[in-house]
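Working notes for the structure below.
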Amino acid sequence: MEPDYQTIVFLGDSITDGYFDPAGGWAARFIQKLNTDKPHSFYANNFAVSGDRITDVWHRLASQIVTIQPDILMIAGGVNDLTRIGTPEAPLSLAPLYRAEMWENVLGLAKNIVPEIYVFDILPVVENRMPGTGAYDQNIYYFNSDIRAYNEEIKAWCTKHKIPFIERFKKLEEQDVVALMFDQSHPNEDGHSLLADLAYDALTPHLMAQQ
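Plus 5 on top of the position in the sequence shown (first one is 1) and you've got this note's numbering.
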């Protein structure tokens, strides 16, 4: 008899990769919580990489994920698409029309190769901790106004493709965001723990129903 488990793949950025959390980040904590409920029910591959933008998500999906063909795909990234390099007034890292094209590519392909897909929104940042430091010691800036607008766009694309969109931004804003952040944009251990709880609360009823 073959093992009865589902394979989950994560795509995203350093936050989904678990930066600044010795426990492996919210994705690892989430999987642990699922397997505590029902041992060995979920096997995870985390392909989230620091600095990844939606363009990188597209390439990883079209190469590595096509090969794996997981049961479930979770996409949680996007803040790097909104990087302003050098000055607060600098243009966004990815032009809006190009972002839209990439999301259409990602969601369209994902639906053809993965039975179950979830997209997570982009988290709030701590603006008074800007600038951060990017490649070659350049100053980088993120703004919550950019994030809110982008989240609405991503939500609309997910609605178009009938893909669930998991919203966390407002729930973190209701908390003491500063206390949950390691720096301007990365959660600390408490932040990752909260994100794991939010994912668990939102998705567990459906995921467990598939078991």
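Don't be surprised by glycine CBs; every beta carbon is placed ideally from N, CA and C.
Within the stretch 123-205, the alpha helix (DSSP H) runs of at least 4 residues that lie entirely inside it are, in chain order, 149-166, 174-178. Between A184 and Q69, the alpha-carbon positions lie close to 36 Å from each other. Distances from the alpha-carbon of D57 to those of A67, L39, P75, A81 put A81 closest. Distances from the alpha-carbon of Q143 to those of H211, A201, I90, L212 put I90 closest.
If you compare the alpha carbons of R134, K175, C163, W162 with that of R153, the shortest gap goes to K175. Across the set P96, V62, V130, the C-alpha of V130 shows the shortest separation from the C-alpha of N149. Inter-residue distance for S46 and F170 is about 23 Å (C-alpha atoms, whole angstroms). Residue burial annotation: S55 is exposed, with fewer than 16 other C-beta atoms found within 10 angstroms of its C-beta. Residue nearest to T72 within the set R134, N117, E109 is N117 (criterion: CA-CA distance). DSSP, read as helix, strand or coil, puts T92 in coil.
According to DSSP, residue pairing for A81 in a beta bridge involves G17. Assigned with DSSP and collapsed to three states, Y103 falls in helix. CA-to-CA, the gap between D181 and D42 works out to about 29 Å.
With contacts defined as CB atoms closer than 8 Å, D86 and L66 fail to qualify as a contacting pair.
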